[in-house]
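No gaps in the numbering here: position 15 of the sequence shown is 103 in this note's numbering, and each next residue is one more.
We treat Cβ as the ideally placed atom computed from N, Cα and C, and that holds for glycine.
Since the structure is predicted, the reported quantities are computational estimates derived from the model, not experimental observations.
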Amino acid sequence: MLSTGMRTPVGIKILGSSLDEIEKLAIQIETVLKTIPETRSALAERTTGGYYLNIELKRFNLERYNISMGSAQQIVASAIGGESITQTIEGRERFSVNLRYPKELRDSADKIRAILVSTQTFDIFRFPKSRMSV
């Protein structure tokens, strides 16, 4: 199926004029295919819905607490997406060790707003990330 862009032995390509209808039909087909005992995996590619969060940083508050824009962006990126902190070597293989907030602490906008940020100016003072952004 590589000629169609799918990397699988068997694939179903659905065409139509409405992305919503195509996705709805694909999910129905996925559900039916999962009931077949010989099916190892079935996956409908989601084309319409996505989980996006726009974070607009408040420059005034960043300056007030002596936090650079780059530092604030790094805080957000590492809390939500994680970052590689080291590597572990096992035999001949190297594995990256990533660190990020647990899913239950980053699965909603309100929880992300509540992230505490340490500042350089105040070693002990920490404030919610919501003061940095909208």
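With a cut-off of 8 Å on the beta carbons, I'd call residue i and residue j a contact; round off their distance for me.
i	j	result
alanine 160	leucine 145	5 Å
Classify residue i as helix, strand or coil using the three-state DSSP reduction.
i	result
isoleucine 143	coil
isoleucine 177	strand
serine 105	coil
serine 206	strand
alanine 165	helix
threonine 136	coil
serine 156	coil
threonine 119	helix
arginine 201	helix
glutamate 126	coil
With DSSP as the reference, please indicate the residues paired to residue i in a beta bridge.
i	result
leucine 187	Glu171
valine 98	BP columns for valine 98 are empty, so no partner.
arginine 182	Ile177
Look at the alpha carbon of residue i and the alpha carbon of residue j, and state the distance between them as a whole number of angstroms.
i	j	result
threonine 135	glutamate 171	27 Å
valine 185	leucine 121	36 Å
serine 106	tyrosine 189	37 Å
aspartate 198	isoleucine 102	37 Å
glycine 169	arginine 182	21 Å
leucine 187	phenylalanine 148	29 Å
Quick one: is residue i buried, meaning 16 or more other Cβ sit within 10 Å of its Cβ, or exposed?
i	result
leucine 150	buried
valine 164	buried
isoleucine 155	buried
valine 205	buried
isoleucine 177	exposed
isoleucine 115	exposed
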